[in-house]
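Numbering (our numbering), first residue to last: 1 to 574.
Ideal Cβ positions, reconstructed from N, Cα and C, are used throughout, including at glycine.
Before any comments, here is the structure.
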């Protein structure tokens, strides 16, 4: 994020009035309108015809002491333009002008919009140096300059020096290899373009690739560290061919455009990592939308010491997963790392003396010496049916991807009370809501209290980039939230080339581990009210998600803003 110096404290309206562009009455009317609409005063003045776009832009430049660009189309360097996708330039109403070692000079219509500044910095991997110009001139420059630049050709020109190997298409054996420097140079442009997308997503450690068709183009976005980012756009005319290529990779029906389809492909990139690509295609009014979820087959990340648990939390975690016969639930919203935590538990338990079977949808990580079952409702293999079959296989440990219905819940708790360790997930915000969720599924409270060993609630926060995190002295209002620790120094995100100007790199978990005791079991048998369960858990003096997050803040691992972002709903319901 960038802090801007304020050359003049006067507001835009006052500057324009002093310059004689608008009258006192026009300013008064605009301010009154702003109080109702909350629009930027400059936009209101332009809309009312009181001031022109250029006059407002010059006033903004004067106020912020930044350059005013008279003719952005003439001043923009085509090499700089290539650093920002056209879709992002249009959305942010901006145009890159020049690129130096100090950063990327960009003409913006709203240079105080820090979200746009962050998005531009991420896409270009440059520090953004803001200038200002009028929206009309910027969009005219975008029209002129992006017509003369072919970013797709520039991207795939270099794809020959790297390769993407499709090891497994749609679940069938087989391999397709795009050789480095050989076949890649003569491969069709669409194949090379899709290869580039997957390779770039793997480089940025994205969890998802979004190919979103719009009326005029295809918007390409990556989800990195839980945040969705614009990467680039491609011409509308390419979209059908890109969809066909992705469908071929996933073993989907290329002739079907009317219904959703699901597929998968196992891909190996030049980064020496195998990536399981889960493909989902849905029809929209502008064409088929594609989501590709990337599941890295990296076993190192499944080690328990990679979870980021402090010793006290790890002690509770190990106590829960070493029960000979019980149910342990991991809860949290989608994308909070529940599956990784479960697989870390399996990594700990995976010994020759332990028989482990999983029932999952999908199987996210392939693990040696563990029997993994993929749910397939189309063939009748549901969670409940798979679980029934598993119980006849003499397992010690059973992992169920998710408890979604009453039948699965009843079988799972029956297994947990008859000599099996059962691990599973429930979509809920915390332990109290998880117990309430089981009650709404119709489970007998006695069964829940007798079979449940404990609950792990978790969230993922972004870790500060170690190369650029900046120390600062927190204000008194922040210090009051951190009592009694009362730290002298905290750290904030800055942004550098290593983290693509975001200030963050990768994520780490924060946890709340509840190990049930006899008193808590009695309460669960008699109470299903969320508020009363939360009160009971609070009396147990369990370290909360909030406390776990604050510990990461004090250690300099993350920021207070990150902890607030991921625990907001938790705090509202706690």
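>> Please report the distance separating the alpha-carbon of residue 215 from that of residue 382.
In response: Residue 215 sits at position 215 when you count from the first residue of the chain shown. Residue 382 sits at position 382 when you count from the first residue of the chain shown. The straight-line gap from Cα to Cα measures roughly 39 Å.
> What does DSSP give as the partner residues of residue 457 in its beta bridges?
Replying inline: As a working mapping, residue 457 is identified with position 457 in the chain shown. Bridge partners of residue 457: 331 and 512.
>> By DSSP's criteria, residue 424 is part of a beta bridge. Which residues make up the other side?
In response: Position 424 of the chain shown holds residue 424. Paired residue(s): 329 and 400.
> Counting Cβ pairs closer than 8 Å, one from the segment 315 to 331 and one from the segment 243 to 259, do we hit at least three?
Replying inline: no
> So what does DSSP say about residue 433, is it helix, strand or coil?
Replying inline: Along the chain shown, read from residue 1 onward, the residue named residue 433 stands at position 433. In this structure, residue 433 counts as helix in the three-state DSSP scheme.
> Between residue 122 and the rest of its own chain, which residues show a CB-CB distance below 7 Å, the 5 nearest in sequence each way excluded?
Replying inline: In the chain shown, the residue the question calls residue 122 occupies position 122. If we look at residue 122 and ignore the five residues flanking it on each side, its Cβ neighbours are 229, 500, 501 and 502.
> By a C-beta neighbour count over all protein chains shown, 10 Å radius and 16 as the cutoff for buried, is residue 70 buried or exposed?
Replying inline: Locating residue 70 in the chain shown gives position 70, counting from the first residue. Looking at its Cβ environment, which holds fewer than 16 other Cβ atoms inside 10 Å, residue 70 is exposed.
> Cβ atoms of residue 66 and residue 130: under 7 Å apart, would you say?
Replying inline: If you number the chain shown from 1, residue 130 lands on position 130. If you number the chain shown from 1, residue 66 lands on position 66. Cβ atoms of residue 130 and residue 66: closer than 7 Å.
> Quick one: what does DSSP say residue 185 is sitting in, helix, strand or coil?
Replying inline: As a working mapping, residue 185 is identified with position 185 in the chain shown. Bear in mind that a pLDDT of 45 at residue 185, under 50, signals an unreliable position, so the number given afterwards is only what the model happens to contain. It is helical.
> Can you tell me whether DSSP reads residue 99 as helix, strand or coil?
Replying inline: Locating residue 99 in the chain shown gives position 99, counting from the first residue. Three-state result, residue 99: strand.
> residue 488 to residue 547, Cα distance in whole Å?
Replying inline: As a first step, residue 488 must be located in the chain shown, where it is residue number 488. As a first step, residue 547 must be located in the chain shown, where it is residue number 547. Roughly 18 Å separates the two Cα atoms.
> So what does DSSP say about residue 229, is it helix, strand or coil?
Replying inline: Position 229 of the chain shown holds residue 229. Residue state, collapsed to three classes: strand.
>> Once DSSP output is grouped into helix, strand and coil, what is the label at residue 482?
In response: Translated into the one-based positions of the chain shown, residue 482 becomes position 482. The answer is coil: DSSP assigns residue 482 none of H, G, I, E or B.
>> Per DSSP, what are the beta-bridge partners of residue 107 in this structure?
In response: Stepping through the chain shown from its first residue, residue 107 is reached at position 107. For residue 107, which the question treats as bridged, DSSP gives the partners 95 and 131.
> Do residue 32 and residue 72 have their CB atoms nearer than 7 Å?
Replying inline: Translated into positions along the chain shown, residue 32 becomes position 32. Translated into positions along the chain shown, residue 72 becomes position 72. Result no, Cβ atoms of residue 32 and residue 72 do not sit closer than 7 Å.
> Should residue 448 and residue 460 be called a contact, given that it needs their Cβ atoms to be closer than 7 Å?
Replying inline: As a working mapping, residue 448 is identified with position 448 in the chain shown. As a working mapping, residue 460 is identified with position 460 in the chain shown. No. Outside cutoff.
> Ends of the alpha helix (DSSP H) at residue 239?
Replying inline: In the chain shown, the residue the question calls residue 239 occupies position 239. Unbroken alpha helix (DSSP H) run through residue 239: 239 to 250.
>> Short of 6 Å in beta carbon distance, which residues of its chain neighbour residue 254, apart from the five on each side in sequence? Order them along the chain.
In response: Locating residue 254 in the chain shown gives position 254, counting from the first residue. So the qualifying residues of the chain are 244 and 247.
>> Using CA atoms only, rank isn't needed, just tell me which of 74, 429 and 390 is closest to residue 411.
In response: Locating residue 411 in the chain shown gives position 411, where the first residue counts as 1. When only C-alpha atoms are compared, the closest one is 390.
> Alpha carbon to alpha carbon, what distance is there between residue 287 and residue 146?
Replying inline: Walking along the chain shown from the start, residue 146 turns up at place 146. Walking along the chain shown from the start, residue 287 turns up at place 287. Between residue 146 and residue 287, the C-alpha separation is close to 23 Å.
> With DSSP run on the structure shown, which of helix, strand or coil describes residue 386?
Replying inline: Reading the chain shown from its first residue, position 386 is the one you call residue 386. Note: residue 386 maps to helix in three-state DSSP.
> Which residues in the same chain as residue 338 place their Cβ atom closer than 6 Å to its Cβ, once the five residues preceding and following it in sequence are excluded?
Replying inline: Reading the chain shown from its first residue, position 338 is the one you call residue 338. Once the five neighbours on either side are set aside, the close Cβ partners of residue 338 are 330, 332 and 425.
> On the three-state DSSP scale, how would you describe residue 341?
Replying inline: Within the chain shown, residue 341 is the residue found at index 341, counting from 1. Correct three-state label for residue 341: helix.
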